[in-house]
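Accompanying notes for the structure given below.
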Amino acid sequence: MPDWLYNDAMYRFDTPERSYWEATSEDPNLDATRLEGEEQCEVAVIGGGYTGLSAAYHLCRDSQVDVRVLEAGHFGWGASGRNGGFCSMGGTSLGTAGLISKYGLKDTRHYYQSQADAVELVRDIIIDEDIDAQCQGDGELEIACSSRSCAKLKEDAETQFRVLGLDTRVITPEELRERYLDMPTQHGAIMVRPTFGLHPLRYLRGLAVAAERHGAKLHERSEVIEWRKEGDGHVLITKEGRLRARKVVHATNGFTPEHINKTFQARTLPLISAIVVTRPLTDDELGAHAW
Numbered sequence: 072m073p074d075w076l077y078n079d080a081m082y083r084f085d086t087p088e089r090s091y092w093e094a095t096s097e098d099p100n101l102d103a104t105r106l107e108g109e110e111q112c113e114v115a116v117i118g119g120g121y122t123g124l125s126a127a128y129h130l131c132r133d134s135q136v137d138v139r140v141l142e143a144g145h146f147g148w149g150a151s152g153r154n155g156g157f158c159s160m161g162g163t164s165l166g167t168a169g170l171i172s173k174y175g176l177k178d179t180r181h182y183y184q185s186q187a188d189a190v191e192l193v194r195d196i197i198i199d200e201d202i203d204a205q206c207q208g209d210g211e212l213e214i215a216c217s218s219r220s221c222a223k224l225k226e227d228a229e230t231q232f233r234v235l236g237l238d239t240r241v242i243t244p245e246e247l248r249e250r251y252l253d254m255p256t257q258h259g260a261i262m263v264r265p266t267f268g269l270h271p272l273r274y275l276r277g278l279a280v281a282a283e284r285h286g287a288k289l290h291e292r293s294e295v296i297e298w299r300k301e302g303d304g305h306v307l308i309t310k311e312g313r314l315r316a317r318k319v320v321h322a323t324n325g326f327t328p329e330h331i332n333k334t335f336q337a338r339t340l341p342l343i344s345a346i347v348v349t350r351p352l353t354d355d356e357l358g359a360h361a362w
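Per our numbering, the sequence shown starts with residue 72, numbered consecutively.
Below, the structure is given as structure tokens:
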């Protein structure tokens, strides 16, 4: 039996998950069938989220590799199809100065630049493949809710701008209130770029269509239940099929079961997050926050 960390209901891949994103995205009509019988390929990808589909997309588009993607549910069932829609750089509890102190300037610069490059890569894919991802916005506000956190954000912004050359700037409380958000608990903010918002499921489905168009073979409802190493290759076993591959890309993130490969045992800790959707805001409500 799978050794899931949470209740089994979280992993019922055949059960559709209702969401705002699902309700506002059309079925892409993929040629994605279950894996059945004996098949083979050069590279097998386990997981049909952003990482798995992007890997398949680039391998097929750039190198014409024979790729198959195995997805346990339908494409977009997992976290890639239901998240906050932020295409942005991540954060760290150490802060920028702390990263430089611990890891050095070269590695810290690489840490931030790789994230900025990733954001631009997503933007390029959306443009190149004409994906209707409903992109919007330009930049991410990190808001300080105390004077102490405001000082830390300002320090981060100065270091990112002057030392690392990033497009980060300080937003005063007055500018924040006038142009962005009027709330009594704010003490200022920083604006971080590159960042934009998108419809996560529309992007995911557009990426799947693009990967398929460039030659990737997609299989949904094809959960990998066993992974064997045979000779110089791999055998991935689903309920109804077996896939032989020379290489395997494992891209299941928080839905990674430890039992299919000992490499993953006690190496990951999936976390649960929740997102809420409100009714549409009225003009008065939007106006109160300078939106």
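Backbone N, C-alpha and C define an ideal beta-carbon position, used for all residues, glycine too.
None of these values were measured; they are calculated from a predicted model.
Please return the same chain residues whose Cβ sits closer than 8 angstroms to the Cβ of residue i, not counting the five positions on each side in sequence.
i: R105; result: H290, E291, R292, S293, T309, E311 and G312
i: L67; result: Because residue 67 is not part of the residues shown, which for the chain are 72 to 362, the question remains open.
i: C216; result: T256, Q257 and H258
i: T266; result: F157, C158, S159, M160, V190, G208, D209, G210 and E211
i: Q336; result: E329
Between the Cα of residue i and the Cα atoms of the options, which residue gives the shortest distance?
i: T323; options: N332, A316, R315 and R317; result: N332
i: K225; options: S164, G304, T179 and I242; result: I242
i: Q231; options: A150, F267 and H181; result: H181
i: L192; options: D79, Y274, G358 and L357; result: Y274
i: L130; options: R299, M262 and V320; result: V320
i: L165; options: G155, T179 and G152; result: T179
i: R317; options: S218, C112, R219 and D102; result: C112
i: V348; options: A94, S134, D188 and V140; result: A94
i: D188; options: W148, R264 and V138; result: R264
i: T327; options: A281, E88, E297 and R194; result: E297
i: L176; options: E142, P351, L141 and V234; result: V234
i: V295; options: G118, N100, E109 and S96; result: G118
i: R240; options: M262, G149 and E283; result: M262
Out of curiosity, what's the CA-to-CA distance linking residue i and residue j?
i: K223; j: I171; result: 15 angstroms
i: F84; j: V190; result: 29 angstroms
i: P244; j: P255; result: 10 angstroms
i: Y183; j: G236; result: 10 angstroms
i: R248; j: Y174; result: 36 angstroms
i: G162; j: G144; result: 30 angstroms
i: D253; j: T334; result: 49 angstroms
i: R139; j: P341; result: 25 angstroms
i: D303; j: M81; result: 35 angstroms
i: D98; j: R276; result: 8 angstroms
i: D34; j: T339; result: Since the first residue of the chain shown is 72 and the last is 362, residue 34 is not available in this structure.
i: D355; j: S185; result: 40 angstroms
i: E107; j: A281; result: 23 angstroms
i: G149; j: I346; result: 14 angstroms
Reducing DSSP to helix, strand and coil, say where residue i ends up.
i: I296; result: coil
i: L176; result: helix
i: T86; result: coil
i: C112; result: strand
i: C131; result: helix
i: A316; result: strand
i: G149; result: coil
i: E213; result: strand
i: R233; result: helix
i: C158; result: strand
i: T239; result: strand
i: L340; result: coil
i: R219; result: helix
i: G386; result: Because the chain spans 72 through 362 in this model, residue 386 falls outside it and cannot be assessed.
i: Q205; result: coil
i: I331; result: helix
i: V140; result: strand
Within the same chain, show all residues whose beta-carbon is closer than 7 angstroms to that of residue i, passing over the 5 residues directly before and after it, in chain order.
i: A168; result: E226 and T230
i: R132; result: H285
i: A103; result: F146, L289, H290 and E291
i: S134; result: none
i: S90; result: R153
Does the beta carbon of residue i fall short of 8 angstroms from some heavy atom of the ligand PLP?
i: A127; result: With respect to the ligand PLP, the structure shown offers nothing to examine, as it has no ligands at all.
Excluding the 5 residues preceding and the 5 following residue i in the sequence, name in chain order all residues of the same chain whose CB lies nearer than 6 angstroms to its CB.
i: C221; result: A215, H258 and G259
i: L269; result: G156, C158, A204 and C206
i: A115; result: R139, L307, L314, A316 and V319
message: At 4 residues or longer, what runs of the alpha helix (DSSP H) sit wholly inside the region 248-297?
response: 271-284
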